[in-house]
Amino acid sequence: MEGLFYQMHNFENKYQIRVGGKNLKVNFSIGLGDFFNQIFPFLTYQSGDWKMTLIPQIKVLRPENNSFTVLLVTEIQKLNRDGRDFKELSAWVKKVDPKNVRIFAFADSPDDVGEINEAIALIRELGVDYKEKKSHHAGHEDIVQKQIDVQLEDTVGEDAARILTKIAFNYFAKCAIESERRDLLSHPNFQQIKDYVLGRITLPTKKVIVDIAHETDIYDEVVAGGRIPGHRISFVEQDGKLVSRISLIGKRTYIIHLGELPEEYRCENFGSAHFFDPIRHNVLGMTQNPAKWNSGIKIGFSIFNRI
Numbered sequence: 047m048e049g050l051f052y053q054m055h056n057f058e059n060k061y062q063i064r065v066g067g068k069n070l071k072v073n074f075s076i077g078l079g080d081f082f083n084q085i086f087p088f089l090t091y092q093s094g095d096w097k098m099t100l101i102p103q104i105k106v107l108r109p110e111n112n113s114f115t116v117l118l119v120t121e122i123q124k125l126n127r128d129g130r131d132f133k134e135l136s137a138w139v140k141k142v143d144p145k146n147v148r149i150f151a152f153a154d155s156p157d158d159v160g161e162i163n164e165a166i167a168l169i170r171e172l173g174v175d176y177k178e179k180k181s182h183h184a185g186h187e188d189i190v191q192k193q194i195d196v197q198l199e200d201t202v203g204e205d206a207a208r209i210l211t212k213i214a215f216n217y218f219a220k221c222a223i224e225s226e227r228r229d230l231l232s233h234p235n236f237q238q239i240k241d242y243v244l245g246r247i248t249l250p251t252k253k254v255i256v257d258i259a260h261e262t263d264i265y266d267e268v269v270a271g272g273r274i275p276g277h278r279i280s281f282v283e284q285d286g287k288l289v290s291r292i293s294l295i296g297k298r299t300y301i302i303h304l305g306e307l308p309e310e311y312r313c314e315n316f317g318s319a320h321f322f323d324p325i326r327h328n329v330l331g332m333t334q335n336p337a338k339w340n341s342g343i344k345i346g347f348s349i350f351n352r353i
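So for the sequence shown, the numbering used here puts the first residue at 47; every next one is plus one.
What follows is the structure in structure tokens.
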């Protein structure tokens, strides 16, 4: 799910977006009928808020694995025709059945076909013998003013669980190393989780990701009544266990059990938390003490950051 919303932000201005697969089913509803529900919506940051925006796109359905790929016309037009990216994209696209291609461009009237013609020319340049069979028109304002409804069905598979656990343990490891407590990483209590991360053993997902929370535990988000787009990670001692919390792009929070925490580390200031801002590309330390907010405190990587 987080990957989908990250794609909708398109922070990196990619020229293709891949959505779906065996672990994710997604449906969009804009309220203008089935045809326009096939548009892949993007989010843009305007006036302090995230708003839906529409980008000229070529949608390629991939029914064999319940997924689709969105090709962004403007970004592909920037590619060097002799470069590897364009050649690899063309090699794949030319194998696509034309009936699985949908083109969405935006104009003020049905007679304004400049963008749609550019998109058609591009898909043909990529090797698809595309012939338009029918078209539909809706005003841009009619679309962007609609309340978009996103319906998701997804599961956390074994690979995703292992990646999340690796992120959690690597963060803990960095904090331990920065605190000159490298020996903690060799403690037998963490051998099982290290073997799991390295793929030496398998564990039931529910034994590693012990819970998934949908509510926030960040004060600023509680006050604002919404989530802040960004990644946050933390670890604390909880009932004698080392527990990490990971939230990607400000969506649900994965609670991960990394192992039993040795007795000597079960102290009041054990723990750490950081926020990763994908918009400004910076990292912010977080504290659980409101008295420290706006105080200019610098929070580095340490296992004793619960201040």
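C-beta: ideal position from N, C-alpha, C; glycine also. None of the values given here were measured: they were computed from a predicted structure.
Outcome for Leu231 when other beta-carbon atoms lying within 10 angstroms are tallied against a minimum of 16: exposed
Element boundaries [alpha helix (DSSP H), containing Arg227]: For Arg227, no alpha helix (DSSP H) encloses it, and the DSSP letter there is neither H nor E.
Range of the contiguous alpha helix (DSSP H) that encloses Asp157: No alpha helix (DSSP H) holds Asp157; DSSP gives it neither H nor E.
Coil, strand or helix - Glu58 by DSSP: coil
For Arg108, the nearest candidate out of Asp143, Val119, Met98 (CA to CA): Asp143
Cβ pair Phe132, Gly66 closer than 7 Å: Result no, Cβ atoms of Phe132 and Gly66 do not sit closer than 7 Å.
contact_flag[the segment 202-211, the segment 155-174] where n(CB pairs < 8 Å) is 3 or more: no
Residues of its chain near Arg170, where Cβ-Cβ distance is below 7 Å and the 5 sequence neighbours each way are ignored: Tyr176
From Arg291, Ile292, Glu283, residue whose alpha carbon lies closest to that of Pro308: Glu283
Separation of Lys124 from Arg246, as counted between CA atoms: 43 Å
Rounded C-alpha distance that separates Asn126 from Leu294: Straight through space, the alpha carbons of Leu294 and Asn126 are spaced by roughly 33 Å.
Top-ranked residue by Cα proximity to Asn163, from Thr120, Glu134, Val139, Lys141: Out of Thr120, Glu134, Val139, Lys141, Thr120 has the C-alpha closest to the C-alpha of Asn163.
Range of the contiguous beta strand (DSSP E) that encloses Ala259: In this chain, the beta strand (DSSP E) harbouring Ala259 covers 255-259.
Closest Cα partner of Asn235 within the set Ala222, Asp257, Lys287, Lys253: Lys287
Spatial distance of Tyr61 from Pro102 (CA atoms): Taking C-alpha positions only, Tyr61 is separated from Pro102 by approximately 11 Å.
Classification of Asn351 by the beta-carbon crowding that lies within 10 angstroms, buried from 16 upward: buried
Best match in Phe322, Tyr311, Val243, Val256 for proximity to Arg278 [C-alpha to C-alpha]: Phe322
DSSP three-state assignment for Glu283, whether helix, strand or coil: strand
Leu304 versus Phe316, Val256, Asn315, residue with shortest Cα-Cα distance: Val256
Proximity below 7 Å, CB of Ile345 to CB of Leu210: no
Beta-carbon proximity of Ile63 to Val116, cut-off 7 Å: yes
Limits of the unbroken beta strand (DSSP E) element including Arg352: Note, Arg352: premise wrong, no beta strand (DSSP E); not H, not E.
Which listed residue (Asp285, Ile223, Leu244) has its alpha carbon closest to that of Cys313: Asp285
7 Å Cβ shell around His260 - same chain, five flanking residues per side excluded: Arg298
Opening and closing residue of the alpha helix (DSSP H) in which Ser136 lies: 130-139
Which listed residue (Ala222, Val106, Tyr242) has its alpha carbon closest to that of Ile166: Ranked by Cα distance from Ile166, the options Ala222, Val106, Tyr242 are led by Val106.
Exposure label - His327; buried when at least 16 CB within 10 Å: exposed
Nearest neighbour of Glu224, chosen from Asn56, Phe347, Leu168, Val159 [CA to CA]: Nearest of Asn56, Phe347, Leu168, Val159 to Glu224, Cα basis: Phe347.
Pick from Gly276, Ser155, Gly317, Ser290 that is closest to Ile325, judged by C-alpha positions: Gly276
Contacting residues, own chain, Cβ-Cβ under 7 Å from Arg227 (five flanking each side not counted): Ile349
Same chain, Cβ closer than 6 Å to Asn112, neighbours up to 5 away in sequence not counted: Excluding sequence neighbours, Asn112 sits near Gly66.
Sheet register partners of Ala319 (DSSP bridge): Ser280
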